[in-house]
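Reviewing the structure listed below.
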Amino acid sequence: MARKAKGIGLLSGGLDSILAVKVLQDQQIDLLGLTFVTPFFGPSEGMAAGRMAEIEMRPVDISAVHLEMLKNPRYGYGSRLNPCIDCHGLMLREAAKILQAEGADFLFTGEVLSQRPMSQRRDSLRSVEKLSGLLGRILRPLSAKLLPPTIVEEEGLIDRNQLLAIQGRSRRPQRELAQKYGLKGYPQPGGGCILTNESFANRLRKLLEIDPGASVHEVEMIKWGRAFFLRNKTLCMVGRNESENLKLESLAGARDIVLKAREHRGPTCVILPPAGPIDLEEAASIAVSYGDAPEGKEVRMEWREGAAAGDVRAVSRPKEFFRGLLIA
Ligand code: SF4
0 MARKAKGIGL
10 LSGGLDSILA
20 VKVLQDQQID
30 LLGLTFVTPF
40 FGPSEGMAAG
50 RMAEIEMRPV
60 DISAVHLEML
70 KNPRYGYGSR
80 LNPCIDCHGL
90 MLREAAKILQ
100 AEGADFLFTG
110 EVLSQRPMSQ
120 RRDSLRSVEK
130 LSGLLGRILR
140 PLSAKLLPPT
150 IVEEEGLIDR
160 NQLLAIQGRS
170 RRPQRELAQK
180 YGLKGYPQPG
190 GGCILTNESF
200 ANRLRKLLEI
210 DPGASVHEVE
220 MIKWGRAFFL
230 RNKTLCMVGR
240 NESENLKLES
250 LAGARDIVLK
260 AREHRGPTCV
270 ILPPAGPIDL
280 EEAASIAVSY
290 GDAPEGKEVR
300 MEWREGAAAG
310 DVRAVSRPKE
320 FFRGLLIA
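Residues 0 to 327 in numbering that gives the first Met the number 0 are what the sequence shown spells out, letter by letter.
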């Protein structure tokens, strides 16, 4: 009898990946689920899917390598700034490292042939497989019978007859399968990745245009508040409400300058390095102008950078004065 196979699954959080686990669990295979973390999507949906599928889960942070890929994806972008083919390829490559470390036999995903226009065409699935360096070792249990047999099927470690032949955009087969496995309250498809969000994609595109070397920290910061590029291209974030003020302050690193209003109500502002005295004055001017101080009034703000701290004074101006510095 063939030995028990071990598979590692990529769970993004949708029903399809839960069903892929369920289909494989029918074959008594050892399974481990991975879910990835970047500034653009987090692990919570994948972890929840893992709980529903009753599979051991592991979150994997690929922020830095994902951002580098995003700057120059080999297969381009989808409708926004979503490099889906390269993103899948990267996840599979990262998963491949874990596969080797764990001594597992194959990777699997919940992908369904022809379900999505860009990433789930037959040639895209093949491109992703090539990018991952795992040709023949990626199983898509929901569409497996429509795809060439994987190595684990050929070796008899997985019974191809128990795999499925779902394809296309209809969700009906998945709904029926969910019923068969008694899955209730499962997540609806799509939504979790902010690279498909138009306003965030525009903002990120602008950041990368101005600063092609932008780091994960900068990308994380532009998710909150208004983003300004000061005249010498220093990035400065200004909260739009109390929760953004708190978020920006909590995300500020040791080399970031945090500016806070003291004499009037006003936004918290974080200046990212490198920043000099001119940047501090310009950022203070923006922050004061977006606060409650009357136009033309000079206001004191407090700044802190790591252990250092001090005051800076700025005059409130009309917001239009800074419009050219605001990024999307
Ligand atoms: S939508 Fe986002 S997370 Fe999903 S494949 Fe595309 S880039 Fe990656």
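Glycine included, each C-beta is placed from N, C-alpha and C at the ideal position.
In this structure, M56 keeps its C-beta atom at 8 Å or more from the C-beta atom of G41. A Cβ-Cβ separation of about 3 Å places S131 in contact with L91 under the 8 Å criterion. When C-alpha distances from I61 are compared across A48, E93 and L279, the shortest belongs to E93. Taking one beta carbon from each stretch, the segment 18 to 31 and the segment 172 to 192 have 3 or more pairs nearer than 8 Å; the two touch. I17 is not bridged by DSSP to any residue. Under the criterion of beta carbons closer than 8 Å, V151 and L138 qualify as touching, at roughly 7 Å. If you draw a straight line from the Cα of R50 to the Cα of Q173, it comes to about 18 Å. The Cβ neighbour count for S123, taken over all protein chains shown within 10 Å, is at least 16; the residue is labelled buried.
Here the alpha carbons of R312 and A286 stand approximately 11 Å from one another. A direct Cα-Cα distance of roughly 20 Å separates G109 from T37. By the CB criterion at 8 Å, V218 and L203 fall inside the cutoff. For K5, the uninterrupted beta strand (DSSP E) run begins and ends at K5 to L9, by DSSP. Annotation: E294 to R115 spans about 52 Å, alpha carbon to alpha carbon. Straight across, the Cα-Cα distance linking E175 with K246 is about 42 Å. Judged by DSSP secondary structure, D29 falls outside any alpha helix (DSSP H) and instead within the beta strand (DSSP E) spanning D29 to V36. The three-state secondary structure of E301, taken from DSSP, is strand. In this structure, the ligand SF4 has a non-hydrogen atom nearer than 7 Å to the beta-carbon of T195. Taking non-hydrogen atoms of the ligand SF4 into account, the C-beta of H87 is found less than 7 Å away from one of them.
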